[in-house]
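Everything on this sheet refers to the single structure shown next.
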Amino acid sequence: MTRSSDISKNDTSIIRFVDTASPHYHAGEISLLNSVDCVIFGFYGTELHVLLHKFLYDPFKGYWALLGGFVHPDENIDDAARNTVERLTGLINVYMEQVYTFGNVSRVPTERVITTCYYALIEVEPTLPKLSHEYGATWWPISKVAQLDLVYDHPQMFEKALEQLRRKVRYQPIGFELLPEKFTMLELRNLYESIMGRPLDKRNFSKKILNMNLLVKLKEKQKGTSRRGAYFFCFDEKRYQELLSKGLLFEI
Numbered sequence: 032m033t034r035s036s037d038i039s040k041n042d043t044s045i046i047r048f049v050d051t052a053s054p055h056y057h058a059g060e061i062s063l064l065n066s067v068d069c070v071i072f073g074f075y076g077t078e079l080h081v082l083l084h085k086f087l088y089d090p091f092k093g094y095w096a097l098l099g100g101f102v103h104p105d106e107n108i109d110d111a112a113r114n115t116v117e118r119l120t121g122l123i124n125v126y127m128e129q130v131y132t133f134g135n136v137s138r139v140p141t142e143r144v145i146t147t148c149y150y151a152l153i154e155v156e157p158t159l160p161k162l163s164h165e166y167g168a169t170w171w172p173i174s175k176v177a178q179l180d181l182v183y184d185h186p187q188m189f190e191k192a193l194e195q196l197r198r199k200v201r202y203q204p205i206g207f208e209l210l211p212e213k214f215t216m217l218e219l220r221n222l223y224e225s226i227m228g229r230p231l232d233k234r235n236f237s238k239k240i241l242n243m244n245l246l247v248k249l250k251e252k253q254k255g256t257s258r259r260g261a262y263f264f265c266f267d268e269k270r271y272q273e274l275l276s277k278g279l280l281f282e283i
């Protein structure tokens, strides 16, 4: 799959044509390039991060960009997005959602490209060596993105994806996709505070989460954080599905 940064004037795979001989309804229409761009979110330290890489081509060489690729003729658009994320991160079964289709005529100055934006939620740690070495990609805190020069309409894609994530995370437990299998209550609260962009009351947050009966408290504690240590928890997906079928309302 060709990455979105791989567009070049010498790329013979990019062809515009007019099919005047075809009897089909689209005879005479011009083919357009279709791509996918992925806002890949990960939680690192105490803040939500987004994955960006340096763009290689003029006139935006050196700018930061989302990772993406083109939709092949034999691919569904959702498959193209999923294949892109799996190829870049090496992770499978990643949580993804379609966000919006960007089709401004002049969004890419060199070609007419329509792109569909997705966001993906992954764990940061397993991906760090591969992404940095193979793609020159860097995890940026979402609080720093506004200070960066991003190509094309990628700032709008980032904002729209973050806005959708903030809405969704409040009524579905997709935030757990960003955490390792076991986590502390503090890590969980830091995650939600970073996504939602505001502080959450420590006591109320813990009480609300625990009252949903979706977490399993482990005997193991996190070492080095305090004298007593903090207990680890894990999310019980099976329990969530059972409670959901009985009318559970997940709400943060």
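So in this note's numbering, the last spot in the sequence shown is 283, and the numbers never skip. A virtual CB, placed ideally from N, CA and C, is assigned to each residue, including glycine. Everything numeric in this text was worked out from a predicted model, so none of it was measured.
DSSP, read as helix, strand or coil, puts Glu212 in coil.
In this model, Val136 and Glu224 are separated by some 37 Å (Cα to Cα). Collapsing the DSSP output to three states places Ser66 in a strand.
The C-alpha of Thr169 lies about 36 Å from the C-alpha of Asn244. Beta bridge pairing from DSSP links Thr77 with no other residue.
Val67 and Gln129 have their C-alpha atoms roughly 10 Å apart.
With respect to Ile173, Leu63 sits apart: the two C-beta atoms are not nearer than 7 Å. Take Pro230, set aside five residues on each side of it, and the residues of its chain with a beta-carbon closer than 7 Å to its own are Glu224, in chain order. Bounds of the alpha helix (DSSP H) holding Ile108 are Ile108 to Thr120. For Pro172, the secondary structure class from DSSP, reduced to helix, strand or coil, is strand. Between the alpha carbons of Glu251 and Thr77 lies a gap of roughly 21 Å. Taking all protein chains shown into account, Arg113 has 16 or more neighbouring C-beta atoms within 10 Å of its C-beta and is therefore buried. Assignment of Gln272 by DSSP, reduced to helix, strand and coil, places it in the helix class. Only buried fits Leu219, as 16 or more other CB atoms lie within 10 angstroms of its CB.
Within the same chain, Pro90 come within 8 Å of Pro140 by CB-CB distance, once the 5 residues on both sides are set aside.
Contact check for Leu98 against Trp171 fails: the beta carbons are separated by 7 Å or more. DSSP lists Tyr262 as the bridge partner or partners of Lys252. For the 7 Å CB-CB criterion, Gly206 and Leu217 do not form a contact.
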